[in-house]
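S.K.:
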Amino acid sequence: MATQLKETDESGREIIDSVVIRFAGDSGDGMQLTGTQFTQSTALMGNDLSTFPDFPAEIRAPVGTTYGVSAFQINFASHVIKTPGDAPDVLVAMNPAALKVHLKDLVPGGTVIVNLGSFTDRNIEKAGYTSNPLEDGTLEDYRLIEIDISKLTLAAVEGIDVTQKEALRAKNLWTLGLMCWMYNRDRQPTIDWLNQRFGKLPNIAEANIAALNAGHAFGETAELPSEISTYVVPKAKVEPGIYRAVTGVETTCWGLLVGAQKAGLNIFLGSYPITPASPLLHSLSNLKQYGVVTFQAEDEISAVCSAIGASYAGAIGVTSSSGPGVALKSEALGLAVVTELPLVVVNFQRAGPSTGMPTKTEQSDLFQSVFGRNGDTPMPVISASTASDCYECAIEAVRIATKYMTPVMFLNEGFLANAAEPWKLPDTDDIEPFPVEFASETEGFHPYLRDEKTLGRNWAIPGTPGLEHRIGGIEKDYDSGNISYDADNHHKMTKVRAQKVLNVADDIPDQDVASGNTSGKLAVVGWGSTYGAIEQATRRCQEAGLDVSHIHIRYIWPLPKNLGDLLNGFDRILIPEMNNGQLVTLLRSEYLVDAESLAQITGQPFKVADLEQEIRSRVED
Amino acid sequence: MNVQSPPEALKPNDFASDQEVRWCPGCGDYAIVKAVQRSLANMGADPKNTVFVSGIGCAARFPYYMATYGFHTIHGRAPAVASGVKLANPELDVWVIGGDGDMLSIGGNHTLHVLRRNIDVQVLLFNNEIYGLTKGQYSPTSKVGTRSPSTPAGSVDSPVSACVFALGCNARFVGRSVDTNQKVLPGLLQEAKENKGASFVEILQNCIVYNDGVYSSFTDKANVADGQILCKHGEPLVFGKESEKGLRLTPGKMELEVVTIGEDGVTEDDILVHDETNRPLALMLAGMQPPDFPVAMGVIFRDPGQAYDEAVYSQIDEIKENTEAIPVNDLMHKGKTWTVV
Chain E
11 MATQLKETDE SGREIIDSVV IRFAGDSGDG MQLTGTQFTQ STALMGNDLS
61 TFPDFPAEIR APVGTTYGVS AFQINFASHV IKTPGDAPDV LVAMNPAALK
111 VHLKDLVPGG TVIVNLGSFT DRNIEKAGYT SNPLEDGTLE DYRLIEIDIS
161 KLTLAAVEGI DVTQKEALRA KNLWTLGLMC WMYNRDRQPT IDWLNQRFGK
211 LPNIAEANIA ALNAGHAFGE TAELPSEIST YVVPKAKVEP GIYRAVTGVE
261 TTCWGLLVGA QKAGLNIFLG SYPITPASPL LHSLSNLKQY GVVTFQAEDE
311 ISAVCSAIGA SYAGAIGVTS SSGPGVALKS EALGLAVVTE LPLVVVNFQR
361 AGPSTGMPTK TEQSDLFQSV FGRNGDTPMP VISASTASDC YECAIEAVRI
411 ATKYMTPVMF LNEGFLANAA EPWKLPDTDD IEPFPVEFAS ETEGFHPYLR
461 DEKTLGRNWA IPGTPGLEHR IGGIEKDYDS GNISYDADNH HKMTKVRAQK
511 VLNVADDIPD QDVASGNTSG KLAVVGWGST YGAIEQATRR CQEAGLDVSH
561 IHIRYIWPLP KNLGDLLNGF DRILIPEMNN GQLVTLLRSE YLVDAESLAQ
611 ITGQPFKVAD LEQEIRSRVE D
Chain D
4 MNVQSPPEAL KPNDFASDQE VRWCPGCGDY AIVKAVQRSL ANMGADPKNT
54 VFVSGIGCAA RFPYYMATYG FHTIHGRAPA VASGVKLANP ELDVWVIGGD
104 GDMLSIGGNH TLHVLRRNID VQVLLFNNEI YGLTKGQYSP TSKVGTRSPS
154 TPAGSVDSPV SACVFALGCN ARFVGRSVDT NQKVLPGLLQ EAKENKGASF
204 VEILQNCIVY NDGVYSSFTD KANVADGQIL CKHGEPLVFG KESEKGLRLT
254 PGKMELEVVT IGEDGVTEDD ILVHDETNRP LALMLAGMQP PDFPVAMGVI
304 FRDPGQAYDE AVYSQIDEIK ENTEAIPVND LMHKGKTWTV V
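Protein chains in written order, with this note's numbering: chain E, 11 to 631; chain D, 4 to 344.
Printed below as a string of structure tokens:
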């Protein structure tokens with residue numbers, strides 16, 4: 011725990027300002043559910059929080075194996091926090107495999123709660139231990155709480171009409187009950203949720219609620235080791251407003267909806283299921299009352315092509331996927347670029363190449379987004395840094411796509427999609443409408459007539475009398491929109507398409523500094539989900555008097571106009587990325603700056619402490 | 004490029020764009036574009052609501068020659084783009100144009116799904132059994148032994164029958180005609196358009212440069228009567244100059260045979276009557292190959308069902324009726340919130 015003061019509240023609970031808890035168990039043990047419910051209760055308690063779900067790609071890997079371990083980490087605090095925490099203070103290990111995988115991350119002296127009932131010889135062996143870790147000294151540096159959760163859960167649901175298997179499945183709720191007791195969380199939201207979730211199976215709801223309550227009661231009555239105390243984490247001081255806990259998928263979904271409404275268009279989503287992007291398909295499929303059309307296509311190519319077709323017909327076409335799926339879409343993205351149709355591509359990045367590690371996060375599709383198509387095929391690329399930021403980025407993507415008549419790549423990340431954080435609910439009225447005006451004037455019409463300022467072409471949709479025209483992937487004549495193989499015309503059109511995308515830079519904010527001065531010794535430059543870790547690390551260094559600034563780039567292409575000058579104001583530039591050095595290459599090539607790469611390609615977010623050390627080693631003389 | 008709003012009755016020529024047609028002289032595609040233009044005029048189609056979507060290949064140049072909306076997309080993907088067009092605006096009359104390589108090779112998957120879903124579009128597959136635009140390689144419909152630049156010793160893989168494939172995809176309208184048959188083709192296209200749902204029409208098209216005469220055994224004037232059979236719902240499946248030949252089920256077997264009325268005791272009553280709603284029969288008819296059988300033309304199969312786009316929108320309408328589209332602000336406030344003061 012962060013505090014050493016052992017300050018207590020009136021009920022004797024120790025007051026701490028932050029804690030990191032990791033729930034780990036078999037992928038069938040319901041750890042994600044436990045974590046999500048604990049998150050919901052924590053949010054309602056008014057703490058700031060950040061979560062990190064970490065699960066295997068297999069839906070149900072063989073029971074008891076290390077590769078089947080699923081984990082959920084939550085960091086919550088009485089102050090503003092920005093990351094799910096470097097190392098857990100508390101590890102809840104539902105089986106030996108979970109202990110084996112996650113113990114190494116626990117802070118020295120941290121608390122380990124194990125489900126004794128699962129520590130059978132067979133499970134211990136399956137986890138790869140040669141002796142029982144509870145007895146062989148493995149845990150002597152930690153505070154160990156051994157509870158036979160399986161047995162206690164069975165006892166708790168006795169008399170309820172459920173099978174032994176169903177009863178045992180409630181052990182995650184028992185565990186959640188115990189943690190609610192330990193950290194003074196309200197159980198009611200979980201009870202409400204269980205009643206709603208199992209409305210048609212009241213016996214299952216009853217068993218789960220009984221287990222939840224039993225876990226809580228156990229904490230109150232059992233004689234736990236004296237050093238285990240109960241805690242209270244006071245409310246965080248945050249900006250006044252109405253909050254809710256959200257994931258990046260939810261905010262992306264709402265942002266797209268608001269964007270479409272501000273443009274005055276219907277959403278058409280063409281999508282093919284892929285981890286970790288599928289939840290956006292699910293979310294938008296639940297918004298049909300807004301006229302949203304969702305189309306589960308036969309493949310990634312059909313997903314993007316149908317969205318392009320929908321845009322041609324006057325909707326805002328959206329397609330969502332992850333890196334491998336976006337790779338399949340790339341030929342069609344070229345078609346959208348050359349036909350100059352609006353399109354939003356949401357890429358929930360995951361670890362690559364190829365199938366890579368589908369459930370692990372990475373930000374390695376920057377090259378793919380900026381460069382990854384045949385021909386000179388530029389498109390705007392924007393990236394979200396937090397779950398909250400996904401909302402604004404989604405709106406921006408729709409705005410830029412419709413104003414400039416171009417596909418826009420919205421780089422999201424698996425980490426942002428699944429991680430939860432409190433969000434101060436925005437007011438949609440704060441966003442200026444950007445209504446689309448379809449072409450209707452027949453006089454002098456051709457499909458590639460351009461707005462002088464933006465260079466965006468006019469958008470004439472089928473159904474409009476007198477504007478019948480043909481577009482396609484073959485090069486078009488600048489002056490008539492007809493097919494053209496003319497050499498000079500192709501040169502001109504290529505330049506025009508590039509300039510049109512560059513013009514977006516006139517329409518986005520100047521690059522600001524997230525924290526620190528606008529010039530100095532070291533700029534740490536990031537993009538995407540590394541925002542929280544970089545910000546926290548740079549702030550700690552700033553508080554220690556070090557000359558370091560944090561710059562976080564949302565607009566990856568085109569880059570903000572002032573970025574080159576801003577970077578030139580620093581002696582050194584460090585670029586931490588969850589890839590092998592992509593933004594660093596882009597910035598070096600654009601600005602000829604001596605930026606240095608800090609690559610981490612582990613499928614895991616950066617740790618604040620690691621970044622802090624990297625910063626210190628560069629600015630401390 | 005402009006076309007004025009349609010006057011009362013448009014003529015076939017009113018559906019022709021101002022673009023110079025760039026197919027090889029003598030190409031069967033000329034006849035098809037004429038048939039389509041004639042068919043649209045006959046139907047009183049409205050150019051502003053008509054969209055032609057094509058993939059890549061000779062056939063896919065088609066939209067440029069039509070004075071309607073048109074989208075020349077990428078290889079194989081026309082059915083996918085067309086699906087999005089139709090779903091974004093179901094009022095539009097959407098036609099999908101492609102060749103055998105486009106729709107059965109690189110884009111076979113999309114052809115399968117547009118038909119299976121029964122999206123209300125007309126899919127016209129121009130089948131010339133060869134790759135034209137890439138200069139003569141064999142295609143997925145080429146007969147075994149086709150000599151081409153990529154198969155100098157003859158192709159060894161079995162071809163697919165476009166109509167059998169479509170029937171296997173659960174298409175609810177499957178028809179076939181020959182490019183130059185101006186008697187059958189415009190009417191067939193009209194029936195395809197009138198069918199609600201995906202309508203699949205295979206147009207046997209002669210490639211004069213790379214596969215000239217591939218169909219002459221049943222399309223040459225002298226061979227038509229014995230080489231083709233025009234399927235008409237409720238009418239006996241007869242062919243030949245005097246309609247003296249017909250199809251019947253071989254007694255005791257699930258297979259067709261060609262018989263001659265008046266020979267071997269065969270009477271008109273023995274001849275199979277075409278039932279366009281019978282899929283197994285349609286599969287047998289579509290699969291008939293020369294020289295043993297005549298090639299089936301006309302509406303081989305038609306069994307309408309709800310179109311996908313109609314189902315999608317009726318679901319949306321029902322949801323709209325039952326679920327209020329509250330302001331997004333309110334939507335975001337639904338669920339568990341808390342207030343910080």
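For glycine and all other residues, C-beta sits at the position ideal for the given N, C-alpha and C.
(1) Leaving aside the five residues before and after glycine 424 (chain E) along the sequence, list all residues of the same chain whose C-beta is less than 6 angstroms from its C-beta, in chain order.
(2) Using beta carbons (cut-off 9 angstroms, strictly below), is proline 427 (chain E) in contact with chain D?
(3) Report the neighbours of glutamate 500 (chain E) on chain D: residues whose CB is nearer than 8 angstroms to its CB, in chain order.
(4) Helix, strand or coil for glutamate 606 (chain E)? Go by DSSP, reduced to three states.
(5) From E:Lys114, E:Asp575, E:Arg626, E:Ala619, pick the residue whose C-alpha is nearest to that of leucine 602 (chain E); which is it?
(6) What's the call for phenylalanine 381 (chain E), buried or exposed, on a 16-neighbour Cβ count within 10 Å?
(7) Whose Cβ in chain D lies nearer than 8 angstroms to the Cβ of isoleucine 201 (chain E)?
(8) Measuring only the C-alpha atoms, how far is glutamine 14 (chain E) from serine 599 (chain E)?
(9) List in chain order: all unbroken beta strand (DSSP E) runs of 3+ residues lying wholly within the region 530-578 of chain E.
(10) Starting from isoleucine 311 (chain E), trace the alpha helix (DSSP H) in both directions and tell me its first and last residue.
(11) How far does the beta strand (DSSP E) with histidine 75 (chain D) in it reach, from first residue to last?
(12) Going along the chain, which unbroken runs of the beta strand (DSSP E) with 3 or more residues stay wholly within the region 16-48 of chain E?
(13) Is there a Cβ of chain D sitting closer than 9 angstroms to that of aspartate 439 (chain E), yes or no?
(14) Within the continuous alpha helix (DSSP H) that includes valine 426 (chain E), where are the two ends?
(15) Can you check which of these residues, E:Glu341, E:Val348, E:Lys298, is closest to glutamate 324 (chain D) by C-alpha distance?
(16) So, with DSSP's three-state summary, where would you put phenylalanine 55 (chain D)?
(17) Taking Cβ-Cβ distances shorter than 8 angstroms, what residues in chain E pair up with glutamate 94 (chain D)?
(18) Closer than 8 angstroms is the cut-off here; do at least three beta carbon pairs connect the region 342-356 of chain E with the region 36-50 of chain E?
(19) Using DSSP with H/G/I as helix, E/B as strand and the rest coil, what is glycine 482 (chain E)?
(20) Applying a beta-carbon distance threshold of less than 7 angstroms, which residues of chain D neighbour glycine 555 (chain E)?
(21) Consider the Cβ of tryptophan 26 (chain D): report whether some Cβ of chain E lies at a distance smaller than 9 angstroms.
(22) Under a CB-based cut-off of 9 angstroms, is threonine 13 (chain E) close to chain D?
(23) Distance cutoff 9 angstroms, beta carbons only. Does aspartate 496 (chain E) sit that close to anything in chain D?
(24) Does the region 274-282 of chain D come within contact of the region 205-216 of chain D, defined as at least 3 CB pairs closer than 8 angstroms?
(25) Assuming contact is defined by CB atoms lying nearer than 9 angstroms, are asparagine 125 (chain E) and asparagine 142 (chain E) in contact in what I supplied?
(26) Tell me whether valine 629 (chain E) sits in a helix, a strand or coil according to DSSP, three-state version.
(27) Going by the CB atoms, is the gap between serine 281 (chain E) and leucine 290 (chain E) shorter than 9 angstroms?
(28) Would you mind sorting threonine 253 (chain D) into buried or exposed? The rule is 16 or more other CB atoms within 10 Å of its CB.
(29) From the beta carbon of tryptophan 341 (chain D), is the nearest beta carbon of chain E less than 9 angstroms away?
(30) Could you give the DSSP three-state label for tryptophan 184 (chain E): helix, strand or coil?
(31) Going by DSSP, what residue range makes up the beta strand (DSSP E) through cysteine 234 (chain D)?
(32) Are any of the Cβ atoms in chain D nearer than 9 angstroms to that of glycine 362 (chain E)?
(33) Does any C-beta atom of chain D lie closer than 9 angstroms to the C-beta of glycine 385 (chain E)?
(34) What are the residues of the region 340-352 of chain E that lie near chain D, defined by any Cβ-Cβ distance shorter than 9 angstroms?
(35) Beta-carbon within less than 6 angstroms of phenylalanine 448 (chain E)'s beta-carbon, same chain only, minus the 5 sequence neighbours each way: which residues are those?
(36) What's the C-alpha gap between valine 99 (chain D) and lysine 89 (chain D)?
M.R.: Put simply:
(1) Start at 1 with the first residue of the first sequence, and residue 424 (chain E) comes out as number 414. The answer, listed in chain order, is Pro286, Phe358, Arg360, Thr371.
(2) Within the first sequence, numbered from 1, the residue matching residue 427 (chain E) stands at position 417. The sequence given here has alanine at residue 427 (chain E), not proline. By this cut-off, alanine 427 (chain E) is not an interface position.
(3) Residue 500 (chain E) sits at position 490 when you count from the first residue of the first sequence. The sequence given here has histidine at residue 500 (chain E), not glutamate. Within 8 angstroms Cβ-Cβ: nothing; histidine 500 (chain E) doesn't reach chain D, min ~17 angstroms.
(4) The residue labelled residue 606 (chain E) in the question sits at position 596 within the first sequence. DSSP, read as helix, strand or coil, puts glutamate 606 (chain E) in strand.
(5) Sequence index remark: in the first sequence, residue 602 (chain E) carries index 592 (1-based). With distances taken between Cα atoms, leucine 602 (chain E) lies closest to E:Asp575.
(6) Taking the first residue of the first sequence as 1, we reach residue 381 (chain E) at position 371. Answer is exposed; the Cβ neighbour count stays below 16.
(7) Translated into positions along the first sequence, residue 201 (chain E) becomes position 191. Neighbourhood of isoleucine 201 (chain E) in chain D, by CB distance below 8 angstroms: empty, with the nearest CB roughly 13 angstroms away.
(8) Walking along the first sequence from the start, residue 14 (chain E) turns up at place 4. Walking along the first sequence from the start, residue 599 (chain E) turns up at place 589. Reliability fails at glutamine 14 (chain E), whose pLDDT of 47 lies under 50, so the model's placement of it is uncertain and the value that follows must be treated cautiously. For glutamine 14 (chain E) and serine 599 (chain E), the distance between alpha carbons rounds to 49 angstroms.
(9) 530-537, 558-563, 565-567
(10) As a first step, residue 311 (chain E) must be located in the first sequence, where it is residue number 301. That run of the alpha helix (DSSP H) goes 310-322.
(11) The residue you call residue 75 (chain D) lines up with position 72 of the second sequence. It spans 72-75 - the beta strand (DSSP E) in which histidine 75 (chain D) sits, taken as one unbroken run.
(12) 28-36
(13) Reading the first sequence from its first residue, position 429 is the one you call residue 439 (chain E). It does: the Cβ of aspartate 439 (chain E) has a partner Cβ on chain D nearer than 9 angstroms.
(14) Locating residue 426 (chain E) in the first sequence gives position 416, counting from the first residue. The sequence shown places leucine at residue 426 (chain E), not valine. Start and end: 424-428.
(15) Stepping through the second sequence from its first residue, residue 324 (chain D) is reached at position 321. Ranking the options by Cα distance to glutamate 324 (chain D), first place goes to E:Lys298.
(16) Your numbering for residue 55 (chain D) matches position 52 in the second sequence. Three-state DSSP puts phenylalanine 55 (chain D) in a strand.
(17) Start at 1 with the first residue of the second sequence, and residue 94 (chain D) comes out as number 91. Residues of chain E passing the Cβ test: Gly473.
(18) Between the region 342-356 of chain E and the region 36-50 of chain E, the count of Cβ pairs shorter than 8 angstroms is below three; the stretches do not touch.
(19) Position 472 of the first sequence, counted from the start, is the residue given in the question as residue 482 (chain E). Of the three classes helix, strand and coil, the one that applies to glycine 482 (chain E) here is strand, per DSSP.
(20) Counting from one through the first sequence, the residue named residue 555 (chain E) turns up at place 545. Near glycine 555 (chain E) there are no residues of chain D at all, since even the closest Cβ is about 32 angstroms away, more than 7 angstroms.
(21) Start at 1 with the first residue of the second sequence, and residue 26 (chain D) comes out as number 23. It does not; no Cβ of chain E falls within 9 angstroms.
(22) Along the first sequence, read from residue 1 onward, the residue named residue 13 (chain E) stands at position 3. With a pLDDT of 40 at threonine 13 (chain E), under the threshold of 50, the predicted position of this residue should be treated as unreliable, though the coordinate-derived value follows. Chain D contact via Cβ: absent.
(23) In the first sequence, counting from the first residue as 1, residue 496 (chain E) sits at position 486. It does not: the Cβ of aspartate 496 (chain E) has no partner Cβ on chain D nearer than 9 angstroms.
(24) no
(25) The residue labelled residue 125 (chain E) in the question sits at position 115 within the first sequence. The residue labelled residue 142 (chain E) in the question sits at position 132 within the first sequence. Remark: C-beta atoms of asparagine 125 (chain E) and asparagine 142 (chain E) do not approach each other more closely than 9 angstroms.
(26) Position 619 of the first sequence holds residue 629 (chain E). Reduced to three states, the DSSP call for valine 629 (chain E) is helix.
(27) The residue given as residue 290 (chain E) occupies position 280 in the first sequence. The residue given as residue 281 (chain E) occupies position 271 in the first sequence. Yes. Within cutoff.
(28) Taking the first residue of the second sequence as position 1, residue 253 (chain D) is located at position 250. By the 10 Å Cβ count, threonine 253 (chain D) comes out exposed.
(29) The count along the second sequence starts at 1 and reaches residue 341 (chain D) at position 338. With a threshold of 9 angstroms between beta carbons, tryptophan 341 (chain D) makes contact with chain E.
(30) Position 174 of the first sequence holds residue 184 (chain E). Tryptophan 184 (chain E) falls in the helix class under three-state DSSP.
(31) Against the second sequence, residue 234 (chain D) aligns to sequence position 231. First-last of the beta strand (DSSP E) with cysteine 234 (chain D): 231-234.
(32) The sequence position of residue 362 (chain E) within the first sequence is 352, counting from 1. No, no contact with chain D.
(33) Against the first sequence, residue 385 (chain E) aligns to sequence position 375. No, glycine 385 (chain E) does not count as interfacial toward chain D.
(34) Glu341, Ala342, Gly344, Leu345, Thr349
(35) The residue labelled residue 448 (chain E) in the question sits at position 438 within the first sequence. Counting only Cβ-Cβ distances below 6 angstroms, and skipping sequence neighbours, we find Trp469, Ile471.
(36) As a position in the second sequence, residue 99 (chain D) is number 96, starting the count at 1. As a position in the second sequence, residue 89 (chain D) is number 86, starting the count at 1. Rounded to whole angstroms, valine 99 (chain D) to lysine 89 (chain D) spans 11 angstroms at the Cα level.
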